[in-house]
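Q: Okay, handing you the structure first.
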Amino acid sequence: MAKRRVAILLSGRGSNMQALVAAAQADAAAFEIALIASDKPDAPGIAWAADHGLPTFTHAAAHPATATSRAEHEAAIDAALRNAGTEFVALAGYMRILSGDFVARWAGQIVNIHPSLLPKYKGLNTHARAIDAGDKVAGCSVHVVTEALDAGEVIGRAVVPILPGDTAEALAMRVLVAEHRLYPRLLSEYVRR
């Protein structure tokens, strides 16, 4: 079976991107990396990808985002994805909410890793919210991206215990380790469907 072409969108350091790149390098991998793209030209993940010979694309979005700048940004990203022969898009710390139009153009082909056990704690500050709520466990979820924030079909989850005295930062580090194991495996399963 031919490997599926996956583009990764990121906004930061790219640790989940690195886990996906490592998985793609295995002989039996279900996917290969088509492109690493970012809304931040100075994102450390873009520098890492370029240093490792991976194709990259950046297009800074205007801040504050207007409807016009958002449409221009998404059009540039969409064109880069299509020019790279992308079949699936993996969001890996991409800190922009995609428009309904963009999601519709890639319906069923965009997945995301989110640092909570969805449907709990959509959006930001997930670790602090779980601790503040007195939860005994936290974790991460891989889900299909839809127009509604963090609301698409959950493909799978990894559970991480919340320890006595945990801080949001300590919990985040343990959840990140789980993300690095979960995301490559579930992305592989998803692109094989």
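Residue 205 is where the sequence shown starts when you use the numbering used here, and the numbers rise one by one after that.
For each residue, glycine too, the CB sits at the ideal point set by N, CA and C.
Just so you know, these numbers come straight off a predicted model, no measurement behind them.
State the beta-bridge partners of glutamate 236 as determined by DSSP.
A: Arg209
Q: Within a Cβ cutoff of 8 Å, which residues of the same chain sit near alanine 376, ignoring the five residues on either side of it in sequence?
A: Pro319, His331
Q: Just confirm the distance between the C-beta atoms of leucine 302 and valine 346, as a whole number of angstroms; I'd bet it's less than 8 Å.
A: Not quite, the Cβ-Cβ distance comes to about 16 Å (not below 8 Å), so this is no contact.
Q: In terms of DSSP beta bridges, what is serine 242 paired with?
A: Leu214, Thr262
Q: Just the C-alpha distance for glutamine 222 and phenylalanine 306, rounded to the nearest angstrom, thanks.
A: Straight across, the Cα-Cα distance linking glutamine 222 with phenylalanine 306 is about 25 Å.
Q: Give the DSSP-derived three-state secondary structure of serine 345 in the structure shown.
A: strand
Q: Based on DSSP bridge pairs, tell me the residues matched to asparagine 316.
A: Leu295, His347
Q: On the three-state DSSP scale, how would you describe arginine 300?
A: coil
Q: Distance check for alanine 355 and leucine 322, CA to CA, integer angstroms please.
A: 8 Å
Q: In whole angstroms, give me the CA-to-CA distance for glutamate 276 and glycine 216.
A: About 21 Å.
Q: If we count Cβ pairs, one from each stretch, closer than 8 Å, do we get three or more for the region 292-301 versus the region 360-377?
A: no
Q: Look up glycine 360 in the DSSP assignment and say whether it is helix, strand or coil.
A: strand
Q: Using the three-state DSSP reduction, which class does proline 365 fall into: helix, strand or coil?
A: strand
Q: Do leucine 213 and valine 293 count as a contact pair if the criterion is CB distance below 8 Å?
A: yes
Q: Between the Cα of glycine 312 and the Cα atoms of Tyr394, Phe235, Gly343, which residue gives the shortest distance?
A: Tyr394
Q: Just how far apart, CA to CA, sit methionine 205 and arginine 333?
A: 43 Å
Q: Quick one: what's got a C-beta closer than 7 Å to arginine 401's C-beta in the same chain, skipping five residues either side?
A: The structure shown does not extend to residue 401, since the chain spans only 205 to 397, so no value can be given for it.
Q: Should aspartate 246 go down as buried or exposed, given a rule of 16 or more other Cβ atoms within 10 Å for buried?
A: Aspartate 246 is exposed by the Cβ-count criterion.
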